[in-house]
Amino acid sequence: DAKTTQPTSMDCAEGRAANLPCNHSTISGNEYVYWYRQIHSQGPQYIIHGLKNNETNEMASLIITEDRKSSTLILPHATLRDTAVYYCIVRATLKTSYDKVIFGPGTSLSVIP
Amino acid sequence: DVKVTQSSRYLVKRTGEKVFLECVQDMDHENMFWYRQDPGLGLRLIYFSYDVKMKEKGDIPEGYSVSREKKERFSLILESASTNQTSMYLCASSQGPNTQYFGPGTRLTVL
């Protein structure tokens, strides 16, 4: 799986949009971009994933650049409960069905009141 | 919504005890996984299962065994707990190669 690079930490004011960047310059054509987050002492929570097109769900939006070498996760109105470590990973879902998930260090997002 | 539940959030055991961690998923997923997560080491795969009664070793299976008698349930067993098995244990499930959904985690302390 391709490696990703994320900033170590970010702050965001409550109620504002949180934009979390991720670089994945060596991504392959069959690799998806996934985002998870992990609130302190809890299990990782799946947020969203995409291949080429921008995606939106009830939690977030995912913007993938046209060359697919980077992406941004957008939390449109951050709340204090969004304070967590956010992991961007790339995975080829065409591989064997029992492929492990590998998280990098992620971005520690702090939402400030 | 996919739901993955784990039997305990916090567990304290003594060295040498046999420990059972249970995981249940309610989405009829084929695949189930056990990871442990430690500071600075990230997520490490212990065992996974792609079908009932089937299991495969992950990266760090030593000291652990697993059981999958029913599709929805995957158990992790520490045969004789040791202090270096103090960790956060995470169960996950997936349908085929798709998104893995994680449980809330069990923080195990071995004294």
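Residue numbers (our numbering), protein chains in the order written: chain A, 1 to 113; chain B, 1001 to 1111. We put the CB at the ideal spot given by N, CA and C, even for glycine.
Taking 8 angstroms as the CB threshold, ARG1107 of chain B lines the interface with chain A. When the alpha-carbon of LEU1076 of chain B is set against those of B:LEU1108, B:VAL1019, B:ARG1044 and B:VAL1052, the nearest one is in B:VAL1019.
At least one CB atom of chain A sits nearer than 8 angstroms to the CB of LEU1045 of chain B.
When Cβ-Cβ separations below 8 angstroms define contact, PHE1020 of chain B makes no contact with chain A.
For TYR46 of chain A, same chain residues with a beta-carbon under 6 angstroms away, outside a window of 5 residues either side, are TYR36 in chain order. At least one CB of chain A lies nearer than 8 angstroms to the CB of LEU1090 of chain B. With respect to MET1032 of chain B, PHE1048 of chain B sits close: the two C-beta atoms are nearer than 8 angstroms. When secondary structure is reduced to three states using DSSP, ASN1031 of chain B falls in the strand class. Taking a Cβ-Cβ threshold of 7 angstroms, none of the residues of chain A is close to PRO1061 of chain B; the smallest such distance is about 13 angstroms.
Counting of Cβ neighbours within 10 angstroms places ASP11 of chain A among the exposed residues, the total staying below 16. Listed as beta-bridge partners of ASP1059 of chain B by DSSP are no residues whatsoever.
Taking C-beta atoms as the reference points, LEU1078 of chain B and VAL1012 of chain B fail to come closer than 8 angstroms.
Residue pairing by DSSP places SER1067 of chain B opposite B:SER1075 in a beta bridge. Contacts between GLN42 of chain A and chain B, judged by CB atoms closer than 7 angstroms, involve PRO1104 and GLY1105 in chain order.
When C-alpha distances from CYS22 of chain A are compared across A:VAL111, A:SER110 and A:ILE74, the shortest belongs to A:ILE74. DSSP, read as helix, strand or coil, puts ASP11 of chain A in strand. Short of 6 angstroms from the beta carbon of GLU1022 of chain B, and not among the five residues preceding or following it, lie these beta carbons of its own chain, in chain order: SER1007 and SER1075. Listed as beta-bridge partners of TYR36 of chain A by DSSP are A:TYR46 and A:TYR87. Check the Cα spacing between ARG16 of chain A and each of A:ALA78, A:LEU109, A:VAL101 and A:GLY106: the tightest is with A:ALA78.
Shown here for ARG1107 of chain B: same chain residues with a beta carbon closer than 6 angstroms to its own, the five before and five after excluded, namely TYR1010 and MET1088 in chain order.
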